[in-house]
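S.K.: Below is the structure I would like to discuss, written out as structure tokens.
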Amino acid sequence: MRVAKVIVDVPSNQTNHTFDYLIPEKLENLVQKGMRVSLPFGPRKIMGFVLDVVDHSDFDKLKSIDEVMDLTPVLTEELLQLGKWISEQTVSFYIQTYQAMLPQILKAKYKKEIEALTDYELPDELQKLFAGRAVIDYDEFIERNGNYNLLLKEVRNGHVQINYIVKSKETKKTKLFIAPDKETYLLEEALEDISNRAKKQKQIIDYFIQHPDPIEQKELLTNFKTTTATINQLVEKKLLKKIEKKVYRDPYQGNEFERTQPLPLSKQQQQAIEPIWQAIEEKRDQVFLLHGVTGSGKTEVYLQAIAKVLNQGKEAIVLVPEIALTPQMVQRFKGRFGSEVAVLHSALSPGEKFDEWTKIHKQEVKVVVGARSAIFAPFENIGIIIIDEEHETSYKQDEQPRYHAREVAKKRGAYHNCPVVLGSATPMLESYARAKKGVYHLLEMPDRMNEGAMPPVDIVDMRDELYAGNRTMFSRKLLDAIKERIDQNQQVVLFLNRRGYSTFVMCRECGDVMKCPNCDIALTFHKSSHQLKCHYCDHQIPMVKECETCGSNTIRYFGTGTQKVEEALKEHIPEASVIRMDVDTTRRKGSHKKLLEQFGNGQANILLGTQMIAKGLDFENVTLVGVLAVDAMLHLPDFRSAEKTFQLMTQVSGRAGRHLLPGEVIIQTYTPEHYSVQLASQYDYEQFFLQEMEMRKSFHYPPYYFLTLITVSHPNQWKAQEVTKTICKLLYKYLSDHATILGPTPSPMVRINNRYRYQCMVKYKDEPNQREIIRKIQEHYYDDIQRHDLTIQVDFEPYSLM
DNA sequence: AGCACGCCGACT
DNA sequence: GTCGGCGTGCTC
Numbered sequence: 000m001r002v003a004k005v006i007v008d009v010p011s012n013q014t015n016h017t018f019d020y021l022i023p024e025k026l027e028n029l030v031q032k033g034m035r036v037s038l039p040f041g042p043r044k045i046m047g048f049v050l051d052v053v054d055h056s057d058f059d060k061l062k063s064i065d066e067v068m069d070l071t072p073v074l075t076e077e078l079l080q081l082g083k084w085i086s087e088q089t090v091s092f093y094i095q096t097y098q099a100m101l102p103q104i105l106k107a108k109y110k111k112e113i114e115a116l117t118d119y120e121l122p123d124e125l126q127k128l129f130a131g132r133a134v135i136d137y138d139e140f141i142e143r144n145g146n147y148n149l150l151l152k153e154v155r156n157g158h159v160q161i162n163y164i165v166k167s168k169e170t171k172k173t174k175l176f177i178a179p180d181k182e183t184y185l186l187e188e189a190l191e192d193i194s195n196r197a198k199k200q201k202q203i204i205d206y207f208i209q210h211p212d213p214i215e216q217k218e219l220l221t222n223f224k225t226t227t228a229t230i231n232q233l234v235e236k237k238l239l240k241k242i243e244k245k246v247y248r249d250p251y252q253g254n255e256f257e258r259t260q261p262l263p264l265s266k267q268q269q270q271a272i273e274p275i276w277q278a279i280e281e282k283r284d285q286v287f288l289l290h291g292v293t294g295s296g297k298t299e300v301y302l303q304a305i306a307k308v309l310n311q312g313k314e315a316i317v318l319v320p321e322i323a324l325t326p327q328m329v330q331r332f333k334g335r336f337g338s339e340v341a342v343l344h345s346a347l348s349p350g351e352k353f354d355e356w357t358k359i360h361k362q363e364v365k366v367v368v369g370a371r372s373a374i375f376a377p378f379e380n381i382g383i384i385i386i387d388e389e390h391e392t393s394y395k396q397d398e399q400p401r402y403h404a405r406e407v408a409k410k411r412g413a414y415h416n417c418p419v420v421l422g423s424a425t426p427m428l429e430s431y432a433r434a435k436k437g438v439y440h441l442l443e444m445p446d447r448m449n450e451g452a453m454p455p456v457d458i459v460d461m462r463d464e465l466y467a468g469n470r471t472m473f474s475r476k477l478l479d480a481i482k483e484r485i486d487q488n489q490q491v492v493l494f495l496n497r498r499g500y501s502t503f504v505m506c507r508e509c510g511d512v513m514k515c516p517n518c519d520i521a522l523t524f525h526k527s528s529h530q531l532k533c534h535y536c537d538h539q540i541p542m543v544k545e546c547e548t549c550g551s552n553t554i555r556y557f558g559t560g561t562q563k564v565e566e567a568l569k570e571h572i573p574e575a576s577v578i579r580m581d582v583d584t585t586r587r588k589g590s591h592k593k594l595l596e597q598f599g600n601g602q603a604n605i606l607l608g609t610q611m612i613a614k615g616l617d618f619e620n621v622t623l624v625g626v627l628a629v630d631a632m633l634h635l636p637d638f639r640s641a642e643k644t645f646q647l648m649t650q651v652s653g654r655a656g657r658h659l660l661p662g663e664v665i666i667q668t669y670t671p672e673h674y675s676v677q678l679a680s681q682y683d684y685e686q687f688f689l690q691e692m693e694m695r696k697s698f699h700y701p702p703y704y705f706l707t708l709i710t711v712s713h714p715n716q717w718k719a720q721e722v723t724k725t726i727c728k729l730l731y732k733y734l735s736d737h738a739t740i741l742g743p744t745p746s747p748m749v750r751i752n753n754r755y756r757y758q759c760m761v762k763y764k765d766e767p768n769q770r771e772i773i774r775k776i777q778e779h780y781y782d783d784i785q786r787h788d789l790t791i792q793v794d795f796e797p798y799s800l801m
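With numbering that gives the first Met the number 0, letter number 764 in the first sequence gets 763, and the count goes up by one each step, no holes.
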């Protein structure tokens, strides 16, 4: 007998192990490890992943697999192992990790329906719902308030049955093609017979005589300015035929990618790439940290390292932060490797993502460029993994499984015996420290390609502006500089760090700030819709006219949002044309790309935006970059705020003067003396590293210590606090004496969505039992978690402490 | 998670 | 005696 060991699609503590299922004879040759199957589980039918196929089970009441859902395994042996490891590292359920490795569309969908079995007269109440049909949706039954007990009774009597259906959401897109249905010489003969009045028909047949290959109907119709009627007639005459062709949704269809050749490498590029080439050649799973300033030509190094890998017949994974996955970036990879490249990022529709994934799965491509989850590309012969902008926080998934793509990359690198290259102008402190210790191989590229220096950075002290009577958000220096660029027909990028700085609404009479009733977070004013919105839950209300506390009408909004900056800009510089990029203006698919194109074409002088414009933009005509307020980020309750500020400022500065025209950067701040501001303006990463390391050392933060953040949430504040307290006690009891346990403390945002949040932080150097202890704690609370709305969230090496 | 089972109080 | 609400435990 053949038995499948299956992880079932039920994310819970008690089902987080394999279940044994008999493989029926007719499926014996079909079921393989890594496939999805549908199977009976209790009274239901659900999806599961086959982890293993064996020929015996200790369990004696085996049920059988119902169906296989895939023709070939969707997870390779390596990915199955990797998933196990990730689940254990992040304390997640196996099923969550396996799901995270696949495109959303492969997630099973469940449907329930009720079927009437006999002609037996059902009770009127049910009869009414069926309304003559043999089968109705269970959802419909619920919606129309069906009597559940009555239903159960009839199920027991055998008059109706409940069917459970497992479906894959997977879809295939087809296009209609038209092709000749006869040999060319027969078409020629037929051409004679077509009436001279049927001009279009003649033209079309003539076309197919010249080009006998199938052509898309849509194209044919536009070319000949005709309608389907014409074609239908020819199909009826058996001269043409219609073909449904399965096609990939190609998100980059219609984009021409000009093929590029490898560029000659500069000396420093050469020095950086040699050790990587060597590692590829010697099949070493070495980790490289490529520390290269903006514009030092890191991408060309990646491209030529990949070229080497492709030469060996192997595959490459390139990770790029979501927001940096711009058309410009894609262009570079597609330009060099053409159709060998698949692209995976969140702006694609689920169908497009699935099709790109399928290309990888079917081994039709050799290179994948994508955001975090592309690290799970089902390649089987990886030759290199590259993580660009390795310091980016988006490489850490912020939901279960909370994995970091960098750690997964290292694991995959070890499996495939291939190098992992981490690239950044401002490496994460942890990474640079490892490189200095020799754990990673450090590669330095300190010079810009075109020999140009980084643009000079001016720091403007906004306190002086205030003192001089300037109460606007623009310093005099910045305004003058913007005007100057506009006069010279050059372009400006203005960056607004909106986090923590959004427009909140306050009463000037009593100082009351409008807050979300669910989250204790200040509501943000959206001018376009005239609404107050909470950014943490869906709560939104119309803008208020009177203060809810004191009733006065002196309500006004404070803070700086992009919308407000745009208005102020127009007021101060009426001749300026502005393109605004933020979550509001880029929500629609493709709008991101469109806005950037408009700016690139010179349709505006100023590009104003949030985080999303900090990366990867490369416009020749941009000679001024302004940062309106760095302080918001500097003062976040996060030990990495200085590092994040430094990274951001460096990145933003890199947007100016990338080409022939010299650039300039102006940074506005209320704390110009802060070391991260000072050192960023001098582009002194090394010094920043040393100084920041001092801080980390004295406060026991990474990279000197590891962190674990446990966040407990519950609708009842007392409960949340009490559980956190107990957890702290348990950790204190079972962890070693070297671990520091902080807490319980309220989270920086105590209440979100009517749930109170408390946290506990562990600082440690080496706690091999930690994960086991945390698992035990979770098990201890499993009843509360499952039935009493408690959540215990565990984040190892967290990126965000909120 | 989602479902059945079993216990208990409330009710025809 | 039976219905329905809720707590408990299982699913190969």
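C-beta atoms are modelled at their ideal positions from N, C-alpha and C, and glycine is treated no differently.
(1) Val-629: buried (16+ other C-beta within 10 angstroms of its C-beta) or exposed?
(2) Is it buried or exposed, Glu-314, if we count other Cβ atoms within 10 angstroms and call 16 or more buried?
(3) Reducing DSSP to helix, strand and coil, say where Gly-412 ends up.
(4) Identify which residue in Leu-421, Gln-232, Arg-248 and Thr-710 has its Cα closest to the Cα of Thr-173.
(5) Pick out whichever of Gln-667, Ile-203, Gln-489 and Lys-643 has its Cα sitting closest to the Cα of Leu-660.
(6) Just checking my contact of Ile-359 with Val-368 at CB under 8 Å: how many whole Å lie between their CB atoms?
(7) May I have the straight-line CA-CA distance separating Leu-635 from Arg-484, to the nearest angstrom?
(8) Of the choices Lys-764, Glu-281 and Gln-396, whose alpha-carbon is the least far from that of Asp-736?
(9) With Met-855 as the anchor, note down where its alpha helix (DSSP H) starts and where it stops.
(10) For the segment 638–651 and the segment 677–695, state whether three or more C-beta atom pairs, one from each stretch, are separated by less than 8 Å.
(11) Report back the beta-carbon spacing between Lys-110 and Lys-166 to the nearest angstrom; my notes put them in contact at under 8 Å.
(12) Should the segment 220–233 be called in touch with the segment 196–203, which here means at least 3 C-beta pairs below 8 Å?
(13) Quick check for students: name the residue ranges of the alpha helix (DSSP H) that lie wholly in the segment 725–795, counting only runs of 4 or more.
(14) Let me know if Ile-141 comes out buried or exposed under the rule of 16 or more other beta-carbons within 10 Å of its beta-carbon.
(15) Suppose the cutoff is 6 Å on Cβ atoms and the five residues either side in sequence are ignored; what does the same chain contact list for Met-453 look like?
(16) Can you tell me where the alpha helix (DSSP H) with Glu-280 in it begins and where it stops?
(17) With DSSP as the reference, identify every bridge partner of Asp-387, one or two as the case may be.
(18) With a threshold of 7 Å on Cβ separation, who are the neighbours of Ala-404 within its own chain once the five nearest residues in sequence on each side are excluded?
(19) Among Asn-753, Tyr-757 and Gln-769, which has the Cα closest to the Cα of Tyr-731?
(20) With DSSP as the reference, label Ala-575 as helix, strand or coil.
(21) What does the Cβ neighbour count give for Ser-11, buried or exposed, with the cut at 16 atoms within 10 Å?
(22) Rounded to whole angstroms, what's the CA-CA distance from Ala-3 to Phe-58? Just pull it up for me.
(23) I need the DSSP call for Thr-17, collapsed to helix, strand or coil.
(24) Using the rule of at least 16 other Cβ atoms within 10 Å of the residue's Cβ for burial, across every protein chain shown, is Tyr-439 buried or exposed?
(25) Helix, strand or coil, according to DSSP, for Asn-156 in the structure here?
(26) Pick out whichever of Val-722, Asn-195, Ser-712 and Arg-695 has its Cα sitting closest to the Cα of Ser-746.
(27) Alpha carbon to alpha carbon, how far is Phe-524 from Glu-547? Give it in angstroms, no decimals.
(28) Less than 6 Å between C-beta atoms, sequence neighbours within five positions excluded: which residues of the same chain meet that for Gln-792?
(29) Ordered along the chain, which non-local residues of its own chain (more than five positions away) have a Cβ less than 7 Å from that of Arg-654?
(30) With burial defined as no fewer than 16 other Cβ atoms inside 10 Å of the residue's Cβ, what is the status of Trp-356: buried or exposed?
(31) Whole angstroms is fine: what's the gap from Lys-244's alpha carbon to Ser-345's?
(32) Can you grab the Cα-Cα spacing for the pair Gly-312 / Met-472, in whole Å?
(33) For Ser-338, count neighbouring C-beta atoms within 10 Å of its own C-beta (all shown protein chains included) and say buried if the count is 16 or more, exposed if not.
(34) Which runs of the beta strand (DSSP E) spanning at least 3 residues fall entirely within the segment 343–384, listed in chain order?
(35) Could you compute how far the alpha carbon of Leu-74 sits from the alpha carbon of Asp-54?
(36) Excluding the five sequence neighbours on either side, which residues of its own chain have a C-beta within less than 7 Å of the C-beta of Lys-409, listed in chain order?
M.R.: Inspection of the coordinates gives the following:
(1) Position 630 of the first sequence, counting from 1, holds the residue named residue 629. Classification for Val-629: buried.
(2) What you label residue 314 is simply residue 315 of the first sequence in a count that begins at 1. With a 10 Å radius around the Cβ and a threshold of 16 neighbouring Cβ atoms, Glu-314 comes out buried.
(3) Taking the first sequence and counting its residues from 1, one reaches residue 412 at position 413. Here Gly-412 sits in helix by DSSP.
(4) Position 174 of the first sequence, counted from the first residue, corresponds to residue 173. Nearest of Leu-421, Gln-232, Arg-248 and Thr-710 to Thr-173, Cα basis: Arg-248.
(5) Translated into the one-based positions of the first sequence, residue 660 becomes position 661. Leu-660 has its Cα closest to that of Gln-489, out of Gln-667, Ile-203, Gln-489 and Lys-643.
(6) Looking up residue 359 in the first sequence gives position 360. Looking up residue 368 in the first sequence gives position 369. The Cβ separation is near 11 Å, so there is no contact.
(7) By 1-based counting over the first sequence, the position of residue 635 is 636. By 1-based counting over the first sequence, the position of residue 484 is 485. Each residue's alpha carbon lies about 33 Å from the other.
(8) For the purposes of this step, residue 736 is taken as the residue at position 737 of the first sequence. Ranking Lys-764, Glu-281 and Gln-396 by Cα distance to Asp-736 puts Lys-764 first.
(9) What is shown of the chain runs 0 to 801, which leaves residue 855 out entirely.
(10) Result yes; three or more Cβ-Cβ pairs closer than 8 Å.
(11) Counting from one through the first sequence, the residue named residue 110 turns up at place 111. Counting from one through the first sequence, the residue named residue 166 turns up at place 167. Going by Cβ atoms, the distance from Lys-110 to Lys-166 rounds to 6 Å, so yes, they are a contact pair.
(12) yes
(13) 769–779 and 781–786
(14) Reading the first sequence from its first residue, position 142 is the one you call residue 141. Result: exposed.
(15) As a first step, residue 453 must be located in the first sequence, where it is residue number 454. So the qualifying residues of the chain are Tyr-682.
(16) As a first step, residue 280 is located in the first sequence; it is residue number 281 there, counting from the start. DSSP places Glu-280 inside the alpha helix (DSSP H), whose first and last residues are 266–280.
(17) As a first step, residue 387 is located in the first sequence; it is residue number 388 there, counting from the start. The partner list for Asp-387 (beta bridge, DSSP) reads Gly-422.
(18) Start at 1 with the first residue of the first sequence, and residue 404 comes out as number 405. Closer than 7 Å at the Cβ level, and outside the excluded window around Ala-404, lie Leu-318, Arg-371, Ile-374, Ile-386 and Tyr-394.
(19) Here residue 731 refers to the residue found at position 732 when the first sequence is read from its first residue. Among Asn-753, Tyr-757 and Gln-769, the Cα nearest to that of Tyr-731 belongs to Gln-769.
(20) Reading the first sequence from its first residue, position 576 is the one you call residue 575. In the structure shown, Ala-575 sits in coil (DSSP, three-state: anything other than H, G, I, E or B).
(21) On the first sequence, position 12 is the one that residue 11 refers to. Answer is exposed; the Cβ neighbour count stays below 16.
(22) In the first sequence, counting from the first residue as 1, residue 3 sits at position 4. In the first sequence, counting from the first residue as 1, residue 58 sits at position 59. Taking the straight line from one Cα to the other gives about 12 Å.
(23) Numbered from its first residue, the first sequence carries residue 17 at position 18. It is coil, neither helix nor strand.
(24) In the first sequence, counting from the first residue as 1, residue 439 sits at position 440. With 16 or more Cβ atoms within 10 Å of its Cβ, Tyr-439 is classed as buried.
(25) Working through the first sequence from its first residue, we reach residue 156 at position 157. Correct three-state label for Asn-156: helix.
(26) Residue mapping note: residue 746 aligns to position 747 of the first sequence, counting from 1. That would be Ser-712, whose Cα lies nearest to the Cα of Ser-746.
(27) The residue labelled residue 547 in the question sits at position 548 within the first sequence. The residue labelled residue 524 in the question sits at position 525 within the first sequence. For Glu-547 and Phe-524, the distance between alpha carbons rounds to 16 Å.
(28) Taking the first residue of the first sequence as position 1, residue 792 is located at position 793. Once the five neighbours on either side are set aside, the close Cβ partners of Gln-792 are Thr-710.
(29) Numbered from 1 along the first sequence, position 655 holds the residue referred to as residue 654. So the list reads Val-492, Leu-616, Val-621 and Val-624, once near-sequence residues are dropped.
(30) Numbered from its first residue, the first sequence carries residue 356 at position 357. Around the beta carbon of Trp-356, 16 or more other beta carbons lie within 10 angstroms, which makes this residue buried.
(31) Sequence index remark: in the first sequence, residue 244 carries index 245 (1-based). Sequence index remark: in the first sequence, residue 345 carries index 346 (1-based). Their Cα atoms are separated by approximately 27 Å.
(32) As a first step, residue 312 must be located in the first sequence, where it is residue number 313. As a first step, residue 472 must be located in the first sequence, where it is residue number 473. Between Gly-312 and Met-472, the C-alpha separation is close to 56 Å.
(33) For the purposes of this step, residue 338 is taken as residue 339 along the first sequence, with counting starting at 1. Exposed, because fewer than 16 other Cβ atoms sit within 10 Å of the Cβ of Ser-338.
(34) 366–369
(35) By 1-based counting over the first sequence, the position of residue 74 is 75. By 1-based counting over the first sequence, the position of residue 54 is 55. Roughly 21 Å between the two C-alpha positions.
(36) Within the first sequence, residue 409 is the residue found at index 410, counting from 1. Only Val-286 and Val-419 meet the Cβ criterion.
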